[in-house]
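According to this note's numbering, the sequence shown holds residues 681 to 1133 in order.
Ideal placement from N, C-alpha and C gives every residue a C-beta, glycine not left out.
Every value quoted in this text rests on a predicted model; they were computed, and no experiment measured them.
Remarks on the structure that follows.
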Amino acid sequence: MPQAPRQPSRQSPRQLRLGAFMRPVSIHTGAWRYPGAWPDANFNFRHLVRLAQTLERGRFDAFFMADHLAVLNMPIDALKRSHTVTSFEPFTLLSALAPCTERIGLVATASTTFDEPYHIARRFASLDHISGGRAGWNIVTTSNPDAALNFGLEEHREHGDRYRRAREFYDVVTGLWDSFADDAFVRDAESGLYFDPARMHVLNHKGPYLSVRGPLNIARPVQGWPVIVQAGASEPGRQLAAETAEVVFAAGGNIDAARAFYADVKGRMDRLGRDRDHLKILPGVLVTVGDTMAEAQEKRALLDSRVHYDSGIASLSVMLGTDASRFDPDAPLPDDIPETNESKSGRERAIALGREGNLTVRQLAQKVGGYGGGQITGTPANIADTMQEWLETEACDGFNVMFPFLPAGLDDFVTKVVPELQRRGIFRREYEGTTLREHLGLPRPANRFFPAG
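Given below as structure tokens:
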């Protein structure tokens, strides 16, 4: 990402959306080893409450909790160095964080491959009611093949098959959320009528992958539907996003690639007849803040120095979907890296990063072992310059921000970068409403079975 400072000539009419990637609390492998960091921040509830409340003071749109259904599929010599090996189950954590916060959105990952639509619909509807309309569902198909072994399967579903199931899964979950009209629950004590049966719909879905009768045994969510979030940049992922998503957590990278991704997904929406403003594209970005450029670079260098090589080569293997330890560490990546049934976009990013930088396997492992995606290192003005350029040139609608270490990395962003974004008029000073949909400027979906309610 560009880092050269520039002075904006005007205030942008577009408003930046900011999510916070908070599971793990820092994506960087060395974060827990940084001086002054909380080593247990990923699994300490009191720390997580403090972080969520700080994000809310910074007027962030959402606290996003990614999830994994298996420990990371890497060798034990790398796994033993990972601060992600233990983490709270997302619904339990976000339900506990809901009464500790008032406005910030609460987004959780849930898999369409290893869970059932009725479970997902019920949990997110509950979280939306508990939080007063702040829930979001990050739809994933789960790339880690080891997850299959935790759910009675001998091998992972094929990549394309996972996405076809996900598309049907979305239809079932949203249909279940529409089981009751908004006015179904009359609760008339005099007559003894609790709900109007004419305002309840039985789904009776039978499809290629799923059979679900319904109705859902919970009232329609406060937001109608929790906000639909997606990640992934593969061809099936882009199409699923254009058809269903309201937020996309995109891979960070260079601005030209981001503009191309933005134009592609929004163009698909145009062809489908969807309003392109009803989807917000937020690339992930690791932000390291310093009062001077030199200070920011020193912080980042110290952070990167905390990455052990065992972690780096294992992280590269996960991204590539193949064992990178068998490659010559002092040579470039080989040209014949096999296709993978895991994350297609992760494999492509790793290969592109290695080739663009003419990196050896050892150098690439060190880079992705810390974090190989989008990143900005600089002063508050530098960081705001970059974010504003991306926003104004349609490379994104905002960012899913990752913090280099906790709590100081998050505090630096909220106390130094947020005021600079507010000064430029591209980020809110106060929340516009109370629900996540209101924060993001998204409409409340109509009930497909009861259009008037």
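Residue range of the beta strand (DSSP E) that includes residue i
i, result
"ASN1080", "1078 to 1082"
"PHE701", "697 to 701"
"GLY816", "815 to 820"
"THR789", "785 to 791"
"ALA911", "907 to 911"
Cβ pair residue i, residue j closer than 8 angstroms
i, j, result
"ARG918", "ARG948", "yes"
"ALA750", "ASP826", "yes"
"ALA1045", "ARG1104", "no"
"ALA746", "ALA700", "no"
"ALA776", "PHE723", "no"
"VAL852", "HIS885", "yes"
"PRO1012", "THR972", "no"
"THR734", "LEU752", "no"
"PRO755", "ALA994", "yes"
"VAL1048", "GLY964", "no"
"GLY785", "HIS988", "no"
"LEU696", "MET1082", "no"
"GLY812", "ARG986", "no"
Status (buried if at least 16 other CB within 10 Å, exposed otherwise) for residue i
i, result
"ASN830", "exposed"
"PRO715", "exposed"
"HIS799", "exposed"
"LYS760", "exposed"
"ARG686", "Annotation note: pLDDT 45 at ARG686 (below 50); position unreliable, no value reported."
"PHE744", "buried"
"GLY855", "buried"
"GLU926", "buried"
"ARG737", "exposed"
"THR791", "One point to set straight first is that residue 791 is Ser, not Thr, in the sequence displayed. Buried, by the Cβ-count rule."
"ALA878", "exposed"
"ARG1128", "exposed"
"ARG814", "buried"
"GLU1100", "buried"
"PRO1014", "exposed"
"ASP1003", "exposed"
"TYR874", "exposed"
"LEU773", "buried"
"ALA668", "The structure shown does not extend to residue 668, since the chain spans only 681 to 1133, so no value can be given for it."
"THR1073", "exposed"
Proximity winner among the options, relative to residue i (alpha-carbon distances)
i, options, result
"PHE849", "ILE819, PHE723, SER811 and LYS760", "ILE819"
"ALA921", "VAL1081, GLY1052, ASP944 and ILE935", "ASP944"
"GLY887", "PHE701, ALA1011, ARG845 and PHE725", "ARG845"
"GLU633", "GLU782, ARG713, HIS748 and HIS708", "No answer is possible for residue 633: the residues shown for the chain start at 681 and end at 1133."
"LEU698", "PRO895, LEU982 and VAL967", "VAL967"
"PHE771", "MET1067, ARG900 and TRP817", "TRP817"
"ALA974", "LEU752, THR1057 and PRO1018", "THR1057"
"THR1059", "ALA976, PHE1083 and GLU1019", "ALA976"
"VAL705", "PRO1131, ASN1062, ALA1061 and HIS727", "HIS727"
"HIS748", "ILE1017, ASP990 and THR822", "THR822"
"ALA981", "ASP957, PRO1084 and ARG694", "PRO1084"
"ARG694", "PRO1125, ARG893, GLY710 and GLY1121", "GLY1121"
"ASP858", "ILE898, ALA1088 and GLU1069", "ILE898"
"ALA1075", "GLY933, GLY1050, THR734 and GLY894", "GLY933"
"ALA1030", "PRO963, LEU883 and GLY1001", "GLY1001"
"PRO1123", "THR793, HIS958 and ASP757", "HIS958"
"PHE941", "VAL928, SER997 and ARG951", "VAL928"
"LEU731", "VAL1098, GLY1089 and VAL998", "GLY1089"
"ARG1109", "ARG713, PHE740, ILE707 and GLU1019", "PHE740"
"ASP876", "LEU696, PRO916 and PHE865", "PHE865"
"PHE1079", "PRO901, PHE860, ALA930 and GLY894", "ALA930"
"PHE860", "TYR889, SER871, VAL902 and SER891", "VAL902"
"ASP795", "ILE784, GLY1037 and GLY832", "GLY832"
"PHE804", "LEU896, GLU1118, ASN1062 and LEU883", "LEU896"
"ARG1006", "LEU786, LEU773, ARG1042 and HIS839", "ARG1042"
"THR766", "ALA721, GLU1072 and ASP955", "ALA721"
"ARG842", "SER914, ILE1017, LEU883 and MET880", "SER914"
Bounding residues of the alpha helix (DSSP H) (the contiguous stretch that carries residue i)
i, result
"TRP857", "839 to 857"
"ILE810", "797 to 811"
"LEU920", "915 to 924"
"LEU829", "826 to 829"
Cβ of residue i within 8 angstroms of any chain C Cβ
i, result
"ALA1045", "Considering every chain present, this structure includes no chain C. It has just one protein chain."
- Task: Pick out the complete alpha helix (DSSP H) segments inside the segment 1035 to 1122, 4 residues or longer, and give them in chain order.
- Result: Listed in chain order, the complete alpha helix (DSSP H) runs (minimum 4 residues) inside the segment 1035 to 1122 are 1041 to 1050, 1060 to 1072, 1088 to 1092, 1098 to 1103 and 1116 to 1120.
- Message: My parser needs the alpha helix (DSSP H) runs of 4 or more residues fully inside the segment 967 to 1029; what are they?
- Response: 973 to 985 and 989 to 1000
- Output the residue ranges of the beta strand (DSSP E) runs that lie fully inside the segment 927 to 962 and measure 3 residues or longer, sorted by chain position. 927 to 930
- Start-end ranges of the alpha helix (DSSP H) lying completely within the segment 718 to 770, minimum 4 residues: 725 to 737 and 756 to 759
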